[in-house]
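Peer 1:
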Amino acid sequence: MSSKIQAVKGMNDLLPTAQKDWPIDSAFWQAFEREAARWMKDYAYRFIRTPMIEPTALFVRSIGEETDVVGKEMYTFDDYGESLSLRPEGTASCLRAVVEHNLLYNAPQKLWYMGAMFRHEKPQKGRYRQFHQLGVEALGFAGADTDAEIIAMCADLWQRLGILDCVQLELNCLGNRDERAAHRAALVAYLQQHEAILDEDGKRRLHTNPLRVLDTKNPALQDMANNAPRLLDFLGEDSRHHYAALKNLLNALGIAFVENPRLVRGLDYYNATVFEWTTDKLGAQGTICGGGRYDGLIEELGGKPTPSIGFAMGIERLLLLVHEHGCLQTDAAPEVYAMYQGDAAAAALLQAAQSLRAAGFAVLTHGSNQKLATQFKKADACGARFGLIVGESEAAADEVTLKDLRGEHGQVTVPAAQAVLQLQQWKA
Ligand code: ATP
Ligand code: MG
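Okay, so the sequence shown: first residue is 7 according to this note's numbering, each after it adds one.
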């Protein structure tokens, strides 16, 4: 026997049955996708799908060369002379498409996407090399009202999934480019005074991404980080006003938040509002959703200046949380398990199953012609509510036998044409 080939580390299969190390099965995932599509429809966001591979330049220009994502996490390869990358996130691709197809020509756009993203990270619980995000982008909206609605949308989804109590909203304002530059100069000067105590990451980021130094988890650096110059103190009138308006709206909507002046996010394109939804129930990988404004990004990608805001959630992390603490109705089990006895009954069985499906019943046929007792065991194991049985005598008489596998209605043999009606009555 040849050796088995295994999946790439950090890239997971989604299977019909839950596994010891991965409690999410495909029915649960699909139930989420359905719930998410309903939720997006309620807010009139429209779906967009872009390729999983883009020119590397797109991510370098939008996410930023010095970020961890572009600097060390991207899957980049040479495609006959052109550098391409597997997308590490969705916003850059979405905006590339919007600019390329001139979607903002005469109206703002509210868009959403869902799909696989790729980052070469160290795989661990909640951190994978292929993971999935659902994201939204509100393009062409400058006001704090859109920021508030975007955040309220998340809260609504958490509510629908039964995890609102498990998450916390962190909020910050990053100001505009000039405000950040003034703060950055002050921050670099401050960090240089403390260079001796910085760890390796800190020293590397001091000049490339000093805000990220403050994001350190290193306990020895917390005092230094806490006393660093705060971006909030460098904000001008407009930024402060936008931030205050957002906080007022969130208060009016009853959405609790914690201000975190050190929240910076890992991608370079953010300005003004940034936020993260975190939980303490998933261990170290506690951020389930992050977002913010990127007012300059569309222009950066060759479009007209278009103030915009969006977020992305990590579906794996979210579903781990929902699985343990929330609620999500799945409909994994077929309603009807169809079995037959004798080759002469096969056609009648298949026909009966088809007419039940046409009436909206999900029917699982078991192809093999096994002993009825064995088939009933399988019917029970798969969770079906009803059994449909066709033996040779029933086939000859154009009849079928229906059995309520939970016992409530017993078992009857009826003309095949009445099977739908009978099951509808039992189900009601
Ligand atoms: P983290 O700080 O956990 O690395 P991030 O800031 O890199 O997250 P974003 O780029 O903002 O993450 O992506 C949005 C969301 O996507 C995250 O909040 C998280 O839920 C999810 N996510 C990001 N990277 C991964 C990954 N490698 N595996 C699983 N989910 C991820
Ligand atoms: Mg990351």
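The beta carbon of each residue, even a glycine, is placed where N, CA and C say it ideally should be.
Heavy atom of ligand 1 less than 7 angstroms from the Cβ of M80, yes or no?
Peer 2: Walking along the sequence shown from the start, residue 80 turns up at place 74. Result no, Cβ not under 7 angstroms from ligand 1.
Peer 1: Taking the beta strand (DSSP E) that E176 falls in, what are its first and last residues?
Peer 2: As a first step, residue 176 must be located in the sequence shown, where it is residue number 170. Unbroken beta strand (DSSP E) run through E176: 173 to 179.
Peer 1: Under the criterion of a Cβ to heavy atom distance below 7 angstroms, does M319 qualify as lining ligand 1?
Peer 2: Residue 319 sits at position 313 when you count from the first residue of the sequence shown. Because some heavy atom of ligand 1 lies under 7 angstroms away, the Cβ of M319 counts as near it: yes.
Peer 1: Taking 7 angstroms as the cut-off, is the C-beta of Y134 nearer than that to any heavy atom in ligand 1?
Peer 2: Stepping through the sequence shown from its first residue, residue 134 is reached at position 128. Answer for Y134: yes, Cβ within range of ligand 1.
Peer 1: Reducing DSSP to helix, strand and coil, say where R4 ends up.
Peer 2: A question about residue 4 goes unanswered here, because the residues of the chain that appear run from 7 up to 434.
Peer 1: Among the residues of its own chain, which have a CB less than 7 angstroms from the CB of G308, if the five just before and after it don't count?
Peer 2: As a working note, residue 308 is residue 302 in the sequence shown. So the list reads V105, once near-sequence residues are dropped.
Peer 1: Which runs of the alpha helix (DSSP H) spanning at least 4 residues fall entirely within the stretch 289 to 340, listed in chain order?
Peer 2: DSSP runs (the alpha helix (DSSP H)) wholly in the stretch 289 to 340: 303 to 306, 321 to 331.
Peer 1: What do you reckon, is the C-beta of G74 under 7 angstroms from a heavy atom of ligand 2?
Peer 2: Position 68 of the sequence shown, counting from 1, holds the residue named residue 74. It should be pointed out that residue 74 corresponds to Asp in this sequence rather than to Gly. Yes, the beta carbon of D74 sits closer than 7 angstroms to at least one heavy atom of ligand 2.
Peer 1: Just confirm the distance between the C-beta atoms of Y196 and P225, as a whole number of angstroms; I'd bet it's less than 8 angstroms.
Peer 2: Taking the first residue of the sequence shown as position 1, residue 196 is located at position 190. Taking the first residue of the sequence shown as position 1, residue 225 is located at position 219. About 19 angstroms separates the two Cβ atoms, so there is no contact after all.
Peer 1: Is it the case that the Cβ atoms of L356 and A390 are separated by a distance below 8 angstroms?
Peer 2: On the sequence shown, residue 356 is found 350 positions in, with the first residue counted as 1. On the sequence shown, residue 390 is found 384 positions in, with the first residue counted as 1. No, these two residues do not count as a Cβ contact at 8 angstroms.
Peer 1: In three-state terms, what does DSSP make of G70?
Peer 2: Position 64 of the sequence shown, counted from the first residue, corresponds to residue 70. G70: coil per DSSP, three-state reduction.
Peer 1: Counting beta carbon pairs with one atom in the stretch 228 to 243 and one in the stretch 153 to 170, are three or more of them shorter than 8 angstroms?
Peer 2: Contact between the stretch 153 to 170 and the stretch 228 to 243 is absent, because fewer than three Cβ pairs lie under 8 angstroms.
Peer 1: From N178, A161, L177, pick the residue whose C-alpha is nearest to that of D171; which is it?
Peer 2: The count along the sequence shown starts at 1 and reaches residue 171 at position 165. Of N178, A161, L177, the residue nearest in Cα terms is A161.
Peer 1: Got a sec: does ligand 1 put a non-hydrogen atom nearer than 7 angstroms to the Cβ of T293?
Peer 2: Position 287 of the sequence shown, counting from 1, holds the residue named residue 293. Yes - ligand 1 has a heavy atom lying nearer than 7 angstroms to the Cβ of T293.
Peer 1: For I395, which residues does DSSP report across the bridge?
Peer 2: Your numbering for residue 395 matches position 389 in the sequence shown. Looking at the DSSP assignment, I395 forms a beta bridge with M345, T407.
Peer 1: So the alpha helix (DSSP H) A278 belongs to, where does it begin and stop?
Peer 2: By 1-based counting over the sequence shown, the position of residue 278 is 272. First-last for A278: 277 to 285, but that is the beta strand (DSSP E), not the alpha helix (DSSP H).
Peer 1: In whole angstroms, give me the CA-to-CA distance for G393 and M120.
Peer 2: Stepping through the sequence shown from its first residue, residue 393 is reached at position 387. Stepping through the sequence shown from its first residue, residue 120 is reached at position 114. Distance between the alpha carbons of G393 and M120: 37 angstroms.
Peer 1: Counting only C-beta atoms, is G296 closer than 8 angstroms to chain C at any point?
Peer 2: This model lacks chain C altogether, as it is built from one protein chain only.
Peer 1: Any heavy atom of ligand 2 within a distance shorter than 7 angstroms of the CB on G289?
Peer 2: One-based indexing of the sequence shown puts residue 289 at position 283. False, no ligand heavy atom lies under 7 angstroms from that Cβ.
Peer 1: For the alpha helix (DSSP H) containing Y249, list its first residue and its last residue.
Peer 2: As a working mapping, residue 249 is identified with position 243 in the sequence shown. From DSSP, the alpha helix (DSSP H) with Y249 extends over 243 to 258.
Peer 1: Using C-beta distances below 7 angstroms, list every residue in its chain close to C100, excluding the 5 sequence neighbours before and after it, in chain order.
Peer 2: By one-based count along the sequence shown, residue 100 stands at place 94. Within the same chain, C100 has close Cβ partners I54, T56, L117, Y119, E143.
Peer 1: Within 10 angstroms of the Cβ of D301, are there 16 or more other Cβ atoms? Answer buried if so, exposed if not.
Peer 2: The count along the sequence shown starts at 1 and reaches residue 301 at position 295. Under this definition D301 is a buried residue.
Peer 1: Name the two residues that bound the continuous alpha helix (DSSP H) containing E185.
Peer 2: Reading the sequence shown from its first residue, position 179 is the one you call residue 185. Element bounds for E185: 183 to 199.
Peer 1: Please confirm whether any heavy atom of ligand 2 lies closer than 7 angstroms to the CB of G272.
Peer 2: Working through the sequence shown from its first residue, we reach residue 272 at position 266. Checking every heavy atom of ligand 2 against the Cβ of G272, one is found closer than 7 angstroms.
Peer 1: To the nearest angstrom, how far is it from the Cα of G332 to the Cα of V420?
Peer 2: One-based indexing of the sequence shown puts residue 332 at position 326. One-based indexing of the sequence shown puts residue 420 at position 414. About 43 angstroms.
Peer 1: Of the choices F367, G141, A42, whose alpha-carbon is the least far from that of E341?
Peer 2: The residue labelled residue 341 in the question sits at position 335 within the sequence shown. Closest by alpha carbon: F367.
Peer 1: Can you give the Cα-Cα distance for G272 and K47, rounded to whole angstroms?
Peer 2: The residue you call residue 272 lines up with position 266 of the sequence shown. The residue you call residue 47 lines up with position 41 of the sequence shown. Cα to Cα, the separation comes out at about 29 angstroms.
Peer 1: Nearest-angstrom Cα distance between E95 and M123?
Peer 2: For this step, residue 95 is matched to residue 89 along the sequence shown. For this step, residue 123 is matched to residue 117 along the sequence shown. Computed Cα separation, rounded: 6 angstroms.
Peer 1: Applying the 10 Å Cβ sphere with the 16-neighbour rule, what's the burial state of S8?
Peer 2: Working through the sequence shown from its first residue, we reach residue 8 at position 2. With fewer than 16 other Cβ atoms within 10 Å, it is exposed.
Peer 1: Between the Cα of Q417 and those of F382, M17, W283, spot the shortest distance and give me the residue it belongs to.
Peer 2: Your numbering for residue 417 matches position 411 in the sequence shown. Cα-wise, what sits closest to Q417 is F382.
Peer 1: Should G393 be listed as close to ligand 1, given that the test is whether its C-beta is under 7 angstroms from any heavy atom?
Peer 2: Numbered from its first residue, the sequence shown carries residue 393 at position 387. No.
Peer 1: Name the DSSP bridge partner or partners of A144?
Peer 2: Taking the first residue of the sequence shown as position 1, residue 144 is located at position 138. Partner(s): K116, I315.
Peer 1: For the alpha helix (DSSP H) that V104 lies in, which residues bound it at each end?
Peer 2: Here the question's residue 104 lines up with position 98 in the sequence shown. Where V104 is concerned, the enclosing alpha helix (DSSP H) stretches over 97 to 106.
Peer 1: Figure out for me which residue from A103, V75, H107, Y86 has the closest Cα to the Cα of L92.
Peer 2: If you number the sequence shown from 1, residue 92 lands on position 86. L92 has its Cα closest to that of V75, out of A103, V75, H107, Y86.
Peer 1: Kindly indicate which three-state DSSP category S32 falls into: helix, strand or coil?
Peer 2: Position 26 of the sequence shown holds residue 32. Correct three-state label for S32: helix.
Peer 1: Out of Q25, Q139, L180, which one is the CA nearest neighbour of P267?
Peer 2: By 1-based counting over the sequence shown, the position of residue 267 is 261. The shortest C-alpha separation from P267 is found at L180.
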